[in-house]
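*Asks:*
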Amino acid sequence: MGETSRVLPPDLRVEYPRAARAAGCYLYDDQGREYLDGCSSAIAVNVGHGNPEILDAIRAQLDTITYCYRTQFANEPAERLAAELVRLAPGDLSHVQFTNSGSEGTEAAIRLALQYWQEVGRPERRLVVSRDVSYHGATLGALAVSGHEARRRPLAALLPDLPRAPRADCHRCPFGLTRDTCALDCASAVEQTILAAGPGNVAAFIMEPVVGAAGGAVPAPPGYLTAVAEICRRHDVLLIADEVMTGLGRTGRWFGVDAESVAPDLLVLGKGMSAGYLPIGAVLVDARIHAAIHDGSGTSALGHTYSANPLAAASAAAVVDFLVRYDVPARAARAGDRLRRGLAAVLAARGVAADVRGAGLLLGVDLTPHDPDRDHGVTAAALTAAAFEERLLIYPAGTDAVPRAVIVAPPLTITDAELDQLVDRFAAALDRVVPVADRRST
Ligand code: PMP
């Protein structure tokens, strides 16, 4: 790689290949090696790398205005983007506050939830309930509501102890139930957590419709989203949907909560919203919250220097246009079925016990067998590294509690031939790490 890199990487002992260019579902390093992007890099590159329609929109914006400050000017791309997000969004989400990342989106949602209760004269509602095995971002507030022990640990001293409900995970049900005996105890547990905290103290409940980085694309059992939305309504607790990973078509629907037509009070976006082009995130705000702030203090001044900047907004507006024009969510649903079948067939053919789950093109493979005596010990990190050797990018998910789950989530624009190549490379990666002796018997 030549001279020592001065960029501090995530793992200081790893020498990462240097990315040189990217097109569609592939990245190329400076040695000319090609990598199939089986996880949209960070489950972000939803419309593929180098998408000409997005690049054209960015170029056009470069020629008009790239930056203005949100306390001095409104701007057309941000207004157009906000209007389109509101049009597509569930329920009565009526306004958008822009951020530069998903973590900032979570922070903004928490802040707006607490501000809402202050505006309506209930400042004691200040707790945010979240769930075990969840990830809402790397900044302090977002980590405070994240059930991701490994990421919390170094900052534990700075993180308040907020109430957390058990996870909703059918493969490893914390209540020991099966799909047949499921009585949605995981949803009831959210209510018990709210009751234990005292509903009058709770500002909001935050959840990912499909648990991403922490759990490995774990969808809630059918009926869960509806049940927790009803619990929130009953106790007047605001519902924050963290759709940073699931939003804008990833799950085969516009939003993850659309699986059960649930209307959250705040909805956080990031990742696929800018599809890897320019950094931007958002929180969509219900009309009731907007009205309370409008009629109350009249200000939601907290934000960031680059919030709602016209260049990032223009790139995201082009992404959303693309998703609408080509009906990309429906395409993701179809491609997701094909990929899920392909991955399940590869695992079955090798006798490797695994849970293949998820929604649309947000799929997880959890290699933990139900019988702990049969655990082959293959970690998400080992499988991800083996896939990298096969020139396939997959995403190691999981916390200490879920160490064997990976996410497979290619660009929503992936072709059938590319999907088949992805499945072949996944099979080759599996063959590198799962010992033959552990097959059939697991
Ligand atoms: N929420 C969820 C559900 C996420 O998956 C992530 C990123 N993995 C975040 C929040 C944080 O987003 P960012 O990395 O853009 O800060």
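The numbering used here numbers the first residue of the sequence shown as -16 and each following residue consecutively.
Idealized CB from N, CA, C, for every residue including glycine.
Note that the structure is predicted; figures quoted are calculated from it, not measured.
1) By DSSP, does Pro35 sit in helix, in strand, or in coil?
2) Tell me whether Val116 counts as near the ligand PMP, meaning its Cβ is closer than 8 angstroms to at least one heavy atom of that ligand.
3) Taking only the alpha-carbon atoms, compute the straight-line gap between Asp144 and Gly124 and give it to the nearest angstrom.
4) Report yes if the C-beta distance between Ser23 and Gly259 is below 9 angstroms; otherwise report no.
5) Could you compute how far the alpha carbon of Ala65 sits from the alpha carbon of His78?
6) Grouping DSSP H, G and I as helix and E and B as strand, with all else coil, what is Leu222?
7) The ligand PMP heavy atoms versus the CB of Val251: any closer than 8 angstroms?
8) Quick check: the Cα distance between Val268 and Asp12, rounded to an integer number of angstroms?
9) For the candidate residues Ser244, Pro205, Arg333, whose alpha-carbon lies nearest to that of Leu71?
10) Have a look at the DSSP bridge pairing and note the partners of Gly264.
11) Please determine whether the Cβ atom of His432 lies at a distance below 8 angstroms from any heavy atom of the ligand PMP.
12) Can you tell me whether Glu132 sits near the ligand PMP, meaning its C-beta is under 8 angstroms from at least one heavy atom of the ligand?
13) I need the straight-line Cα distance from Thr363 to Ala275, nearest angstrom please.
14) Considering only residues of the region 102 to 174, which uninterrupted beta strand (DSSP E) runs meet the minimum length of 3 residues and lie entirely inside it, listed in chain order?
15) Pull the bridge partners of Gly347 from the DSSP assignment, please.
16) Hey, how far is the Cα of Ala5 from the Cα of Ile37?
17) For Ser283, verify whether its CB is less than 8 angstroms away from any heavy atom of the ligand PMP.
18) If you reduce the DSSP assignment to three classes, tell me which class Ile214 lands in.
19) Is the beta carbon of Thr382 less than 9 angstroms from the beta carbon of Glu132?
20) What are the boundary residues of the alpha helix (DSSP H) that Asp399 is part of?
21) When a residue counts only if its C-beta is closer than 5 angstroms to some heavy atom of the ligand PMP, which residues count, in chain order?
22) Spatial neighbours of Asp152 within its chain, please: C-beta separation below 6 angstroms, excluding the five flanking residues on both sides.
23) What do you reckon, are the CB atoms on Ala365 and Tyr378 nearer than 9 angstroms?
24) At 3 residues or longer, and completely inside the region 5 to 79: list those beta strand (DSSP E) runs for me, N to C.
25) Which of the three DSSP states, helix, strand or coil, is assigned to Ala318?
26) Locate the alpha helix (DSSP H) running through Leu294, then write down its first and last residues.
27) Using a Cβ distance threshold of 8 angstroms, determine whether the region 212 to 230 contacts the region 89 to 99, with at least three qualifying pairs required.
28) Which two residues bound the contiguous beta strand (DSSP E) that contains Ala186?
29) Helix or strand or just coil, what does DSSP make of Val(-3)?
30) Here's a check: name, in chain order, each residue in its chain whose Cβ is nearer than 6 angstroms to the Cβ of Gly460, leaving out the five neighbours to either side.
31) Taking buried to mean at least 16 other C-beta atoms within 10 Å of its own C-beta, is Pro60 buried or exposed?
32) Going by C-alpha distance, which of Cys156, Leu95, Arg308 is nearest Val30?
33) Could you tell me the alpha carbon to alpha carbon distance between Pro(-7) and Leu126, rounded to whole angstroms?
34) Need the endpoints of the alpha helix (DSSP H) that Leu366 sits in, please.
35) Assuming Gly289 and Asn83 are in contact, meaning their beta carbons sit under 8 angstroms apart, how far apart are those beta carbons, in whole angstroms?
*Replies:* Quick answer:
1) helix
2) no
3) 11 angstroms
4) yes
5) 7 angstroms
6) strand
7) yes
8) 41 angstroms
9) Ser244
10) Thr82
11) Residue 432 lies beyond the stretch modelled for the chain, which goes from -16 to 425, so this question has no answer here.
12) no
13) Reading off the sequence, residue 363 comes out as Ala, not Thr. Taking the straight line joining both Cα atoms gives about 45 angstroms.
14) 110 to 114
15) Arg340, Ile390
16) 14 angstroms
17) no
18) helix
19) yes
20) 399 to 416
21) Ser84, Gly85, Ser86, His119, Gly120, Glu191, Gly195, Ala196, Asp225, Val227, Met228, Gly253
22) Val201
23) no
24) 9 to 12, 17 to 20
25) helix
26) 293 to 308
27) yes
28) 185 to 190
29) coil
30) There is simply no residue 460 to check, as the chain begins at -16 and stops at 425 in what is shown.
31) buried
32) Arg308
33) 18 angstroms
34) 363 to 372
35) The question names Gly, yet the displayed sequence has Tyr at residue 289. Going by Cβ atoms, the distance from Tyr289 to Asn83 rounds to 5 angstroms, so yes, they are a contact pair.
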